[in-house]
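Chemist: First, the structure itself, so that you have it in front of you.
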Amino acid sequence: MTCDLCGAGMATHSGIFTTKEVVTSQDCWELYLRNEMNAGLIEAPNIHTTVRGLIGMMAMHDSPWALCYTCTNTAIHAGLNSYSSLSEIAASGHALCRSIAPMVFEVLDEQGMKLAEKAANSAATKILEDNKKDVIRNQWSHGKTSFDFPNFDECMGSRDGFIALKAVIDETIGEEVVLFLRDQTPFMEKLKAVAPFRFMMQNGIVKTRYGNLVFFLFWVDDPENREKPFSMWDWYVNPSDDYSADLLDKMSRQTHWHVFLVGQNNQQENFFEFKNSYDMGTILNLIQKTGLIQNPEDLRNAILELQSKYTLEEMYNWGSAS
Numbered sequence: 013m014t015c016d017l018c019g020a021g022m023a024t025h026s027g028i029f030t031t032k033e034v035v036t037s038q039d040c041w042e043l044y045l046r047n048e049m050n051a052g053l054i055e056a057p058n059i060h061t062t063v064r065g066l067i068g069m070m071a072m073h074d075s076p077w078a079l080c081y082t083c084t085n086t087a088i089h090a091g092l093n094s095y096s097s098l099s100e101i102a103a104s105g106h107a108l109c110r111s112i113a114p115m116v117f118e119v120l121d122e123q124g125m126k127l128a129e130k131a132a133n134s135a136a137t138k139i140l141e142d143n144k145k146d147v148i149r150n151q152w153s154h155g156k157t158s159f160d161f162p163n164f165d166e167c168m169g170s171r172d173g174f175i176a177l178k179a180v181i182d183e184t185i186g187e188e189v190v191l192f193l194r195d196q197t198p199f200m201e202k203l204k205a206v207a208p209f210r211f212m213m214q215n216g217i218v219k220t221r222y223g224n225l226v227f228f229l230f231w232v233d234d235p236e237n238r239e240k241p242f243s244m245w246d247w248y249v250n251p252s253d254d255y256s257a258d259l260l261d262k263m264s265r266q267t268h269w270h271v272f273l274v275g276q277n278n279q280q281e282n283f284f285e286f287k288n289s290y291d292m293g294t295i296l297n298l299i300q301k302t303g304l305i306q307n308p309e310d311l312r313n314a315i316l317e318l319q320s321k322y323t324l325e326e327m328y329n330w331g332s333a334s
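In my numbering, the protein residues as written are 13 to 334.
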């Protein structure tokens with residue numbers, strides 16, 4: 013099963029929506045267009061031209077839209093009405109137009125099509141504006157290298173897991189966000205041997221008793237078993253905190269993400285560079301529009317609540333099942 017908006021594989025849908033709601037939502041268009049751009053299917057300079065052709069193709073969708081967790085999360089926070097089951101909604105009759113020739117459409121809902129055109133073009137404009145922000149061009153150009161982390165314990169104590177820190181690893185570039193996967197157990201030997209090492213991410217906002225919580229889930233694909241990750245790490249941030257907000261901003265603007273594997277005695281076990289095709293735009297857009305937890309104690313309690321209700325495997329299944 014695949015998501016009708018982003019195309020991601022999913023074990024089951026998280027929400028059902030009508031065509032009119034999806035294609036008249038700027039947020040849904042932003043998510044769709046960013047996904048297509050990250051996949052290299054749309055180039056930024058051509059985005060408005062491409063959108064003109066996409067509106068009719070999206071609006072002719074006659075059946076309900078089954079969306080994955082990430083897309084459902086975006087849609088709900090944008091104010092769309094979600095159905096939990098296909099039985100709650102008509103199986104057809106949702107198209108705003110129909111195709112009568114290649115890229116020629118007969119309008120069935122004039123108001124809906126005007127709203128869809130406005131939403132799509134507004135989304136394209138917003139993406140272009142975001143792309144004008146200063147890009148941190150941080151591709152590593154110095155070959156194989158090894159770093160020392162003498163102050164790591166002072167920053168993070170002795171805990172293992174996923175850690176994001178501001179650091180300077182190339183003085184010609186300056187400060188960037190560096191990602192660490194720290195494991196001081198024998199498992200590190202297995203982790204550093206994974207090849208190919210594919211570092212993946214999904215994110216979202218979860219409602220808890222203490223407020224809306226921003227979460228990130230990172231994992232490394234298992235090359236021998238595509239049904240589940242080799243290893244996973246969760247990460248929670250408070251965007252109202254200046255340091256955390258700057259982390260997210262830099263992560264979105266960097267051309268590359270640098271990931272270090274750190275083992276016992278804070279020794280570097282491996283170093284990876286990944287081109288930044290990770291979708292940070294969608295979550296940053298949601299953060300701007302959603303009331304989030306600000307009190308540190310509420311944040312801690314919200315994290316504990318989420319971790320007690322869901323395993324990492326369950327959180328992983330909210331997104332892609334492939």
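Here a beta-carbon is modelled for each residue, glycine too, at the ideal position from N, C-alpha and C.
1) Below 7 Å CB to CB, which residues in the same chain sit around S243 once its five sequence neighbours on both sides are set aside?
2) Which residues in the same chain as Y290 place their Cβ atom closer than 6 Å to its Cβ, once the five residues preceding and following it in sequence are excluded?
3) Give a yes or no on whether the C-beta atoms belonging to Q251 and V226 are separated by under 8 Å.
4) So, at 7 Å on beta carbons, what are the nonlocal neighbours of T302 in its own chain, with the 5 sequence-adjacent residues on each side left out?
5) Could you please give me the residues that DSSP links to K178 through a beta bridge?
6) Identify every residue that forms a DSSP beta bridge with G303.
7) Between A87 and G105, what straight-line distance do the alpha-carbon atoms span, to the nearest angstrom?
8) What separation, rounded to the nearest whole angstrom, lies between the Cα atoms of Y322 and W247?
9) Between which two residues does the beta strand (DSSP E) harbouring T220 extend?
10) Residues in the same chain with beta-carbon distance under 6 Å from L259, minus the five sequence neighbours each way, listed in chain order, please.
11) Could you check if P208 belongs to the surroundings of the ligand ATP, using beta carbon to heavy atom distance under 7 Å?
12) By alpha-carbon positions, which one of A205, S264, A257, S256 ends up nearest to E236?
13) Give me, in chain order, the residues of the same chain whose beta-carbon lies closer than 6 Å to that of E187; leave out the 5 immediate sequence neighbours on both sides.
14) Compare the beta carbon distance of L298 and S264 with 8 Å and say whether it is the shorter of the two.
15) Output the distance between the C-alpha atoms of E326 and G19, rounded to the nearest integer angstrom.
16) How would you write the range of the alpha helix (DSSP H) that I54 sits in, first residue to last?
17) Can you grab the Cα-Cα spacing for the pair N143 / P198, in whole Å?
18) Residue ranges of each alpha helix (DSSP H) run of no fewer than 4 residues wholly in the segment 231 to 284, ordered along the chain?
19) Leaving aside the five residues before and after L98 along the sequence, list all residues of the same chain whose C-beta is less than 8 Å from its C-beta, in chain order.
20) Write down the C-beta distance between C109 and M72 rounded to the nearest angstrom, noting that I regard them as a contact closer than 8 Å.
Modeler: In terms of the structure at hand:
1) Hits under 7 Å: L203, W231, V232.
2) M213
3) First, the amino acid is wrong: residue 251 is Pro here, not Gln. For P251 and V226, yes; Cβs fall inside 8 Å.
4) H89, I217, N224
5) V189, per the DSSP bridge assignment.
6) Paired residue(s): none; G303 is not in a bridge.
7) In a straight line, the C-alpha of A87 is about 21 Å away from that of G105.
8) Distance between the alpha carbons of Y322 and W247: 14 Å.
9) T220: member of the beta strand (DSSP E) spanning 211 to 220, first to last residue.
10) A176, V189
11) The ligand ATP is not among the ligands present in this structure, which contains no ligands whatsoever.
12) A205
13) K178, V180
14) Between L298 and S264, the C-beta gap is not smaller than 8 Å, which leaves the two residues out of contact.
15) 20 Å
16) Premise fails: I54 is in no alpha helix (DSSP H) and is neither H nor E.
17) Rounded to the nearest whole angstrom, the CA to CA distance from N143 to P198 is 42 Å.
18) Fully enclosed alpha helix (DSSP H) runs of no fewer than 4 residues occupy 254 to 265 of the segment 231 to 284, in order along the chain.
19) I28, P76, A78
20) Correct: roughly 5 Å between the Cβ atoms.
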